[in-house]
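When you read off a place in the sequence shown, starting at 1, and then add 3, the result is the number in the working numbering. Below is one structure, written out as structure tokens; the observations come after it.
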Amino acid sequence: MHLARLFPSASLSVPAPRSWGLAGLIILLSLVLTACGFHLKGVAPLPFNAIYTNITDNSAFGANLRRSIQASSPQTRFVERSQEAEVILQQLSHSRNQREISINAKGQVEEYELQLSFVFELLDAKGRVILPPTTLNVIREMPYDADAVQAKDSEIEMIFRDMEQSLINRIVRRLSSPDVASAYHFMSSQPDASSLEDMELLPTRQQAPL
């Protein structure tokens, strides 16, 4: 006997396998996003709650760095005075460079190399070194057309902005790394220690890969 005859007023419908697959995918993505908290890949919350930096927030770089740090570590806030901070993110240098790497027979530039370099260190509230001066470099190559100078100049600026965001992501990952967290907690428990460098627990200078 057909079910329709037993239950004439009921409408029986079974979700198609494709609908079940889509629903499962949505649930899976929700669980993944909830678990990661929308953090950058490889980024964990920072071990400190108050940070001061000499990088101005009036620049796009400074503003984006602040947003990225607070997005990955919501409990961390930026303070206006170094005396209120638990750590100090000190910018030592920040430079852009552009050099010619290819020239055609007419003497016109065909390709540029764009370089972005950033050097920083991390200190505790007493000025002791947690992370020694560290250099991060980003390098990109781009073709250049002398007949479209204005368009290419805009493209160069856009590439530099993208390079800066890549640099910011690396800074955040570096600050959230386990060795920085361990160094911060160790320094916090050693009020008489001058710095980790003096104890030879960290190298005096770190050169990050390009």
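Glycine included, each C-beta is placed from N, C-alpha and C at the ideal position.
For residue j and residue i, the rounded distance between their alpha carbons
i	j	result
Gly40	Glu158	Below a pLDDT of 50, predicted positions are generally treated as unreliable, and Gly40, at 42, falls in that range; the measurement from the model is reported next regardless. Using only the alpha carbons, I get a separation of about 33 Å.
Ile91	Met145	36 Å
Ala53	Tyr147	44 Å
Met166	Leu95	18 Å
Ser179	Gly110	47 Å
Thr59	Ala88	16 Å
Ser169	Thr56	19 Å
Arg131	Glu103	41 Å
Arg173	Ser191	25 Å
Ala74	Ala108	49 Å
Glu124	Arg164	22 Å
DSSP-derived helix/strand/coil call for residue i
i	result
Glu158	helix
Ile171	helix
Phe121	strand
Arg164	helix
Ala149	helix
Ser191	helix
Ala108	coil
Pro181	helix
Arg131	coil
Ala53	strand
Where residue i falls, given that 16 or more other Cβ within 10 Å makes a residue buried
i	result
Thr214	Beyond the ends of the chain as shown, which are 4 and 213, falls residue 214; an answer cannot be given.
Gln93	buried
Pro181	exposed
Ile30	Residue placement at Ile30 is poorly supported in this model, since its pLDDT is 49, which falls under 50; the coordinates are not used for a value here.
Asp156	exposed
Ala149	exposed
Ala154	exposed
Ala66	exposed
Ser76	buried
Ile72	buried
Ile133	buried
Ala186	buried
Alpha helix (DSSP H) segments (min. 4 residues) lying fully within the region 60 to 101: 63 to 75
Is there contact between the region 68 to 84 and the region 112 to 124, where contact requires at least three CB pairs shorter than 8 Å? no
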